[in-house]
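Please read the structure below before turning to the comments.
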Amino acid sequence: MPHENVYVSNHIHVEGPIPGPYSLLTVASAAHRADGTLVSTFTVNVRELPGATIHPIALRSWRGRADDWLTTRRAPRPPAAATSAYVRWVDALPGPAIFVADPEAQDHVFLYWYVQRFAGHWPFVATSTDPQVRDALPAVTGCPLPGCRDGVARTA
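Under the numbering used here, think of the first position of the sequence shown as 29, with each following residue one higher.
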């Protein structure tokens with residue numbers, strides 16, 4: 029009997045609009061069954077890329093949320109360790125994993141780049157940009173940033 033798909037929603041915090049020149053700082057992910065039942069969560073802070081900078085727009089955003097930015101810098105893991113842990117988490121889910129993406133958000137771009145660059149393979153069987161799938165799933169929880177818990181933070 030085939031395993032039921034698992035839908036993985038992600039929430040990230042970054043230092044700019046694209047990966048490489050700008051760093052991924054925090055990943056919070058939640059895996060759900062199609063009926064919305066929570067399967068598992070994953071959260072990690074990621075160390076900045078060597079030579080990366082912070083985009084001026086992101087800098088303005090982070091200046092207004094200093095506590096959030098400091099939270100992203102608590103116990104950050106090197107990019108290779110963080111993304112390898114993320115891939116292991118996805119691979120351990122109890123069914124084929126589908127990455128749930130908002131085409132207007134940076135989550136997919138950053139996570140795809142980081143995972144390919146540092147872990148070497150994309151662990152998802154598909155990516156869904158279907159708004160009905162996104163809207164049917166509960167919001168990602170587990171983001172360590174106080175602003176996210178208070179509902180005021182946005183991905184920089």
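All C-beta atoms in this analysis are idealised placements derived from N, C-alpha and C, irrespective of residue type, glycine included.
- In the DSSP assignment, Y140 falls within the alpha helix (DSSP H) that extends over 135 to 146.
- In the DSSP assignment, A110 is bridged to no other residue.
- Around the Cβ of R91, a 10 Å sphere holds fewer than 16 other Cβ atoms; the residue is exposed.
- Put simply, the backbone Cα of G79 is about 32 angstroms away from that of A154.
- For A164, no beta strand (DSSP E) run applies; the uninterrupted alpha helix (DSSP H) run containing it begins and ends at 159 to 164, by DSSP.
- Between V67 and the set S57, E76, I82, the nearest pair of CA atoms involves S57.
- Rounded to whole angstroms, the separation of the alpha carbons of V137 and I46 is 7 angstroms.
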